[in-house]
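K.L.:
If you count by the numbering used here, then the sequence shown holds residues 62 to 491, one letter each, in order.
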Amino acid sequence: MTATAPVNPLQNTFTPPIPFDTHKPWSNWGGNQSATPAFTVRPRNEQEALDTVRFAIKEGLPVRAVGAGHSFTPLVQTGGVLMDLSELSGITGTDSARRRARAKGGTAISAFGDALWDKGLGLSNQGDIDKQSISGAIATGTHGSGINLGCFSSALRWVRLINGHGEIVEIGEDQLRELRAAQVALGTLGIFLEVELQVTDRYHLQEQITYPTWGETVSTWDEDIANNRHYSFFWCQGEESAGLYELPTPAGESMVNRSYTKRYNAVTLDANESGIDLTESARRDRSYRVYPGGFMIPFHELEYYVPAERGREAVETIQDLIRTVHADQKYPMEVRWVQQDDAYLSPFYKRDTTVISVSGAPGTNYWPYLRDVDAALQPFDARAHWGKIHFMTRDRLKHLYPELDTFLAVRREFDPNGVFLNDHTRALLG
Ligand SMILES: Cc1cc2nc3c(=O)[nH]c(=O)nc-3n(C[C@H](O)[C@H](O)[C@H](O)COP(=O)(O)OP(=O)(O)OC[C@H]3O[C@@H](n4cnc5c(N)ncnc54)[C@H](O)[C@@H]3O)c2cc1C
Numbered sequence: 062m063t064a065t066a067p068v069n070p071l072q073n074t075f076t077p078p079i080p081f082d083t084h085k086p087w088s089n090w091g092g093n094q095s096a097t098p099a100f101t102v103r104p105r106n107e108q109e110a111l112d113t114v115r116f117a118i119k120e121g122l123p124v125r126a127v128g129a130g131h132s133f134t135p136l137v138q139t140g141g142v143l144m145d146l147s148e149l150s151g152i153t154g155t156d157s158a159r160r161r162a163r164a165k166g167g168t169a170i171s172a173f174g175d176a177l178w179d180k181g182l183g184l185s186n187q188g189d190i191d192k193q194s195i196s197g198a199i200a201t202g203t204h205g206s207g208i209n210l211g212c213f214s215s216a217l218r219w220v221r222l223i224n225g226h227g228e229i230v231e232i233g234e235d236q237l238r239e240l241r242a243a244q245v246a247l248g249t250l251g252i253f254l255e256v257e258l259q260v261t262d263r264y265h266l267q268e269q270i271t272y273p274t275w276g277e278t279v280s281t282w283d284e285d286i287a288n289n290r291h292y293s294f295f296w297c298q299g300e301e302s303a304g305l306y307e308l309p310t311p312a313g314e315s316m317v318n319r320s321y322t323k324r325y326n327a328v329t330l331d332a333n334e335s336g337i338d339l340t341e342s343a344r345r346d347r348s349y350r351v352y353p354g355g356f357m358i359p360f361h362e363l364e365y366y367v368p369a370e371r372g373r374e375a376v377e378t379i380q381d382l383i384r385t386v387h388a389d390q391k392y393p394m395e396v397r398w399v400q401q402d403d404a405y406l407s408p409f410y411k412r413d414t415t416v417i418s419v420s421g422a423p424g425t426n427y428w429p430y431l432r433d434v435d436a437a438l439q440p441f442d443a444r445a446h447w448g449k450i451h452f453m454t455r456d457r458l459k460h461l462y463p464e465l466d467t468f469l470a471v472r473r474e475f476d477p478n479g480v481f482l483n484d485h486t487r488a489l490l491g
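#1: Let me confirm a value: D466 is counted as buried when at least 16 other C-beta atoms fall within 10 Å, else exposed. Which label applies?
#2: How far does the alpha helix (DSSP H) with K522 in it extend, from its first residue to its last?
#3: Taking 7 Å as the cut-off, is the beta-carbon of L136 closer than that to any non-hydrogen atom of ligand 1?
#4: Going by DSSP in three states, Y365 sits in which element: helix, strand or coil?
#5: Could you name the residues of the same chain whose beta carbon sits closer than 6 Å to that of Q259, not counting the 5 residues immediately before and after it, in chain order?
#6: Please confirm if the stretch 134 to 143 is in contact with the stretch 222 to 230, defined as three or more CB-CB distances below 8 Å between the two stretches.
#7: Which of the three DSSP states, helix, strand or coil, is assigned to V260?
#8: Quick check: R347 and H265, are their CB atoms within less than 8 Å of each other?
#9: Tell me which residues share the same chain as Y349 and place their Cβ nearer than 6 Å to its Cβ, disregarding the 5 neighbours each side in the sequence.
#10: Quick one: is T63 buried, meaning 16 or more other Cβ sit within 10 Å of its Cβ, or exposed?
#11: Mind checking whether S147 and K165 have CB atoms under 8 Å apart?
#12: According to DSSP, which residues form a beta bridge with C297?
#13: Would you say the beta carbon of R125 is closer than 7 Å to some non-hydrogen atom of ligand 1?
#14: Entirely within the stretch 115 to 188 and at least 3 residues each: give me those beta strand (DSSP E) ranges in chain order.
#15: Return yes when the Cβ of Q244 is within less than 8 Å of the Cβ of A404, no when it is not.
#16: Under a Cβ-count criterion, where at least 16 other Cβ atoms within 10 Å of its own Cβ denotes burial, should M394 be classed as buried or exposed?
#17: Rounded to the nearest angstrom, what separates T486 and G202 at their Cα positions?
#18: To test your reading of the DSSP string, which unbroken alpha helix (DSSP H) runs of 4 or more residues are found completely within the stretch 450 to 489?
#19: Is S132 a contact residue of ligand 1, with contact defined as CB to any heavy atom under 7 Å?
#20: Between which residues of its own chain and L15 is the CB-CB distance below 6 Å, once the five residues before and five after are set aside?
#21: What are the partner residues of A96, as DSSP defines its beta bridges?
#22: Are there any heavy atoms of ligand 1 lying less than 7 Å away from the beta-carbon of G128, as far as the coordinates show?
#23: Which two residues bound the contiguous beta strand (DSSP E) that contains I229?
#24: If V399 and T414 are in contact, beta carbons under 8 Å, what's the gap, nearest whole angstrom?
#25: Quick check on the DSSP output: what are the complete beta strand (DSSP E) runs of length 3 or more inside the stretch 356 to 440, in order along the chain?
#26: What residue from A488, G354 and D435 has the CA that sits closest to G188's CA?
#27: Could you tell me the distance, in whole angstroms, from the CA atom of A200 to the CA atom of L222?
#28: Measure the C-alpha to C-alpha separation of Q298 and Q390 and round it to an integer number of angstroms.
#29: With a threshold of 7 Å, establish whether the CB of T139 neighbours any heavy atom of ligand 1.
#30: Assign N186 to buried or exposed, taking buried as 16 or more other Cβ atoms, counted over all protein chains shown, within 10 Å of its Cβ.
#31: Using DSSP bridges, identify the partner residues of Q267.
#32: Does T278 pass the burial test, meaning 16 or more other C-beta atoms within 10 Å, or should it be called exposed?
#33: So does K323 have its beta carbon nearer than 7 Å to some heavy atom of ligand 1?
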């Protein structure tokens with residue numbers, strides 16, 4: 062008697078076969094999230110992505126998308142089908158007059174720089190790194206800093222996606238209810254195949270790095286927020302703090318209770334001029350070359366959002382908490398600003414925001430610290446970064462997101478059977 066080879070349902074379903082793995086362990090950038098999906102599928106075109114979702118629906122398997130795996134929360138985990146969109150990548154069109162750019166769903170943020178520059182365009186703002194996929198960044202409300210600049214989600218104007226009915230559908234500006242749900246959706250409306258963003262004219266940035274004491278930081282608080290395109294700082298509680306984020310500091314200067322402060326402002330240069338004064342503290346270059354920093358060494362980050370008018374009070378509350386209870390926690394506190402927007406699940410929904418980020422060291426028990434930060438910021442009605450460690454529950458969301466029910470109604474229309482949910486998103490949004 063000969064043994065029958067196990068039948069692989071994917072192999073039998075697709076022609077030609079879509080690249081996939083079975084039971085391949087997955088883990089995120091930070092190493093704090095992992096999963097073993099039944100299938101990991103890397104579609105090379107929209108038809109393969111659609112075939113995969115239809116296969117999953119037929120087999121009763123859930124589907125989650127993964128971009129660059131840079132979220133710290135259990136957003137991507139699934140025991141069903143993990144759809145890796147990295148091969149669905151590339152800028153698909155630009156409209157310089159309307160300042161619009163289209164890209165495939167798996168395109169890395171880093172791929173926008175040169176391609177948009179050549180068309181006279183640029184992303185309005187960027188965060189600390191540019192490794193994320195555009196759809197991953199949109200899904201979680203990823204942002205840079207600047208009180209007059211919105212997050213990536215706020216720039217979404219159109220999307221083509223695969224919904225939970227196994228159909229390809231489009232959402233544009235004529236469907237504001239659906240667009241505002243899609244702008245921050247944690248991957249729960251479906252698979253984003255292509256997106257259109259509002260972008261801006263290309264621009265150069267001048268970087269200025271300073272190392273003010275806390276007293277100096279406070280004395281120019283409002284002007285710094287208002288008068289710089291990008292203003293942000295990393296407050297250092299200990300001598301070792303800056304080094305943990307690989308931030309260069311002046312030799313022989315104590316960084317305790319000082320900040321590594323960044324100001325980026327637009328500067329006029331010849332279009333091809335770049336890299337002038339390329340010292341560590343005075344870079345002048347195309348915007349997309351100035352924004353991304355290092356962050357090569359993993360850390361585990363929590364990020365909460367408070368109303369901008371209470372930002373200083375909230376930052377000082379966390380400084381006190383660190384000094385009095387958690388002096389062993391040495392990662393700097395990063396502080397940034399984001400302009401309000403209208404997306405139902407955006408942490409910046411109708412609220413100009415101060416962003417407070419703290420981190421724990423991988424391999425240590427940082428949970429008491431992060432829980433205390435969560436508790437200390439609750440009186441500020443803090444919302445959380447969907448892609449960074451948080452302690453949000455469905456009950457807390459009801460209080461913090463006035464349009465939660467509208468989002469949930471749209472979600473149910475797009476995915477009535479919960480194809481795109483996992484345990485984490487079901488608890489929050491199911
Ligand atoms: C070193 C580091 C630096 C960071 N810097 C910043 C920063 O400066 N500002 C900031 O706001 N955040 C920052 N983050 C957080 C990060 O931007 C978010 O977690 C972002 O969501 C990660 O994008 P990703 O492509 O890795 O998505 P993933 O983590 O892979 O996925 C995130 C979510 O997007 C969904 N998704 C991905 N692709 C698709 C698709 N095609 N269709 C539908 N859903 C999809 C996933 O299902 C998941 O729910 C940082 C994270 C790290 C690790």
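We treat Cβ as the ideally placed atom computed from N, Cα and C, and that holds for glycine.
P.N.:
Let's see:
#1: exposed
#2: Outside the shown range of the chain (62 to 491) lies residue 522, about which nothing can therefore be said.
#3: yes
#4: strand
#5: A216 and R218
#6: The stretch 134 to 143 vs the stretch 222 to 230: no contact.
#7: Coil, per DSSP.
#8: yes
#9: G174
#10: In this predicted model, T63 has a pLDDT of only 38, less than 50, meaning its place in the structure is not dependable; the value taken from the coordinates is given anyway. Exposed, by the Cβ-count rule.
#11: Result no, Cβ atoms of S147 and K165 do not sit closer than 8 Å.
#12: R319
#13: yes
#14: 124 to 127, 142 to 145, 152 to 156 and 161 to 165
#15: yes
#16: buried
#17: Each residue's Cα considered, the two are about 15 Å apart.
#18: 455 to 461 and 465 to 475
#19: yes
#20: Any answer about residue 15 is impossible in this case: the structure gives the chain only from 62 up to 491.
#21: Bridge partners of A96: W87.
#22: yes
#23: I229 to I232
#24: 5 Å
#25: Those beta strand (DSSP E) runs which fall completely within the stretch 356 to 440 and span 3+ residues are 361 to 368, 394 to 399 and 414 to 421.
#26: G354
#27: So the alpha carbons of these two residues sit roughly 13 Å apart.
#28: 8 Å
#29: no
#30: buried
#31: Looking at the DSSP output, Q267 sits in a beta bridge with N326 and R345.
#32: buried
#33: no
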